[in-house]
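Undergrad: Residue numbers (my numbering): 21 to 231. Ideal Cβ placement from N, Cα and C applies to all residues, glycine included. Dropping the structure in here first, questions after.
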Amino acid sequence: MKKRLYIMLVGIVIMLLASFSVSEAYPFIEVEGYVLPDYSTLLNNGDGTSSLDAMYIFNVTNSDSGAEMNFLSVEFEKDIFVDYSFTLSNGDPAWSVPDDWTAEVVESSGSYYVQATGGTTIGEGESIRGMLNLTLFSEALTNVSWYDSSDIFHDWQEGQIWGQSWYALDTLGGVDGGSTAVPEPGSMLLLGSALIGLGLIGRKIRMAGRR
Numbered sequence: 021m022k023k024r025l026y027i028m029l030v031g032i033v034i035m036l037l038a039s040f041s042v043s044e045a046y047p048f049i050e051v052e053g054y055v056l057p058d059y060s061t062l063l064n065n066g067d068g069t070s071s072l073d074a075m076y077i078f079n080v081t082n083s084d085s086g087a088e089m090n091f092l093s094v095e096f097e098k099d100i101f102v103d104y105s106f107t108l109s110n111g112d113p114a115w116s117v118p119d120d121w122t123a124e125v126v127e128s129s130g131s132y133y134v135q136a137t138g139g140t141t142i143g144e145g146e147s148i149r150g151m152l153n154l155t156l157f158s159e160a161l162t163n164v165s166w167y168d169s170s171d172i173f174h175d176w177q178e179g180q181i182w183g184q185s186w187y188a189l190d191t192l193g194g195v196d197g198g199s200t201a202v203p204e205p206g207s208m209l210l211l212g213s214a215l216i217g218l219g220l221i222g223r224k225i226r227m228a229g230r231r
């Protein structure tokens, strides 16, 4: 009897742990991430690097049980990106819409992570957009991978130019993630027309720490 009870208790514990793990990893929201590099701001720095402004857009395309996005992290690999700035090429401050999200940069040996928290949470059919200035190796603008003059290998680890790893958290504890993409030409026209308006209504992004 004791042995049977012990087996039942172990089985219940395993089921609870498995259920918790599934629940913790369940994506209550589905998100799509895009990058719109503004090549009109492209500046060759003369040292093998170039700088330009880039807008990041993350759309919540689906939501279960009313979950909304409240955290976002985007990776910037150091073998691609040399530096970042929250001052745009024209001298204006970086911005986000909604404008009440706070961003900070976490650094590891191989990457920078721009992490943003709300603020106004992002529900189904809504999006968060933000623009900052980036400095990257000029070679990265035309090649997915290459060896530099010191025989150091560089590559976009997501397999495409402007492909960057990201993940988002929601108000129910779920997580979704993926890789950013550059929109198709047709979508670029639509998003480009919206860019002008967003530039006018965008407010200064709230930063924790860096410029």
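With which residues is G53 paired in a DSSP beta bridge?
TA: Within the sequence shown, the letter at position 33 stands for residue 53. BP columns for G53 point to F78.
Undergrad: Let me know if S128 comes out buried or exposed under the rule of 16 or more other beta-carbons within 10 Å of its beta-carbon.
TA: Position 108 of the sequence shown holds residue 128. Exposed, since its Cβ has fewer than 16 Cβ neighbours within 10 Å.
Undergrad: If you drop the 5 nearest sequence neighbours on each side, which residues of the same chain put their C-beta closer than 8 Å to that of R231?
TA: Sequence index remark: in the sequence shown, residue 231 carries index 211 (1-based). Here R231 scores only 44 on pLDDT, less than 50, and its place in the model should not be relied on; the value that follows carries that caveat. Excluding positions up to five away in sequence, the list reads S105, F106 and T107.
Undergrad: What span of residues does the beta strand (DSSP E) with F101 cover, start to end?
TA: Position 81 of the sequence shown, counted from the start, is the residue given in the question as residue 101. According to the DSSP assignment, F101 belongs to the beta strand (DSSP E) that extends over F101 to S105.
Undergrad: My assumption, with CB atoms under 8 Å, is that L154 sits in contact with L72. Please give the rounded CB distance.
TA: For the purposes of this step, residue 154 is taken as residue 134 along the sequence shown, with counting starting at 1. For the purposes of this step, residue 72 is taken as residue 52 along the sequence shown, with counting starting at 1. With a Cβ gap of about 6 Å, L154 and L72 count as contacting.
Undergrad: In or out: T191 buried (at least 16 other Cβ within 10 Å) or exposed?
TA: What you label residue 191 is simply residue 171 of the sequence shown in a count that begins at 1. That one is buried.
Undergrad: Buried or exposed for Y76, please, with buried defined as at least 16 other CB atoms from any protein chain shown within 10 angstroms of its CB.
TA: For the purposes of this step, residue 76 is taken as residue 56 along the sequence shown, with counting starting at 1. Flag for Y76 reads buried.
Undergrad: From V202 to F78, what distance separates their C-alpha atoms?
TA: Position 182 of the sequence shown, counted from the first residue, corresponds to residue 202. Position 58 of the sequence shown, counted from the first residue, corresponds to residue 78. Rounded to whole angstroms, V202 to F78 spans 12 Å at the Cα level.
Undergrad: I need the DSSP call for A160, collapsed to helix, strand or coil.
TA: Taking the sequence shown and counting its residues from 1, the one referred to as residue 160 is at position 140. A160: helix per DSSP, three-state reduction.
Undergrad: D171: buried (16+ other C-beta within 10 angstroms of its C-beta) or exposed?
TA: The residue you call residue 171 lines up with position 151 of the sequence shown. It is exposed - the Cβ of D171 has fewer than 16 other Cβ atoms within 10 Å.
Undergrad: Considering only the beta carbon of each residue, do A188 and F96 sit closer than 8 Å?
TA: Within the sequence shown, the letter at position 168 stands for residue 188. Within the sequence shown, the letter at position 76 stands for residue 96. Cβ distance not < 8 Å, so A188 and F96 don't count as in contact.
Undergrad: I'd like to know whether the C-beta atoms of S116 and I148 end up nearer to each other than 8 Å.
TA: Locating residue 116 in the sequence shown gives position 96, where the first residue counts as 1. Locating residue 148 in the sequence shown gives position 128, where the first residue counts as 1. Yes. Within cutoff.
Undergrad: Whole angstroms are fine: how far does the CA of V102 sit from the CA of G19?
TA: Any question about residue 19 goes unanswered here, given that the chain covers just 21 to 231.
Undergrad: Which class does I172 belong to by DSSP, given the choice of helix, strand or coil?
TA: Indexing the sequence shown from 1 puts residue 172 at position 152. Residue state, collapsed to three classes: coil.
Undergrad: CB S93 to CB W186, shorter than 8 Å?
TA: Indexing the sequence shown from 1 puts residue 93 at position 73. Indexing the sequence shown from 1 puts residue 186 at position 166. Yes.
Undergrad: Out of G150, L156 and G145, which one is the CA nearest neighbour of P113?
TA: For the purposes of this step, residue 113 is taken as the residue at position 93 of the sequence shown. Per the Cα distances, G150.
Undergrad: For D67, does the count of other Cβ atoms within 10 angstroms reach 16, so buried, or fall short, so exposed?
TA: Translated into the one-based positions of the sequence shown, residue 67 becomes position 47. D67 is exposed by the Cβ-count criterion.
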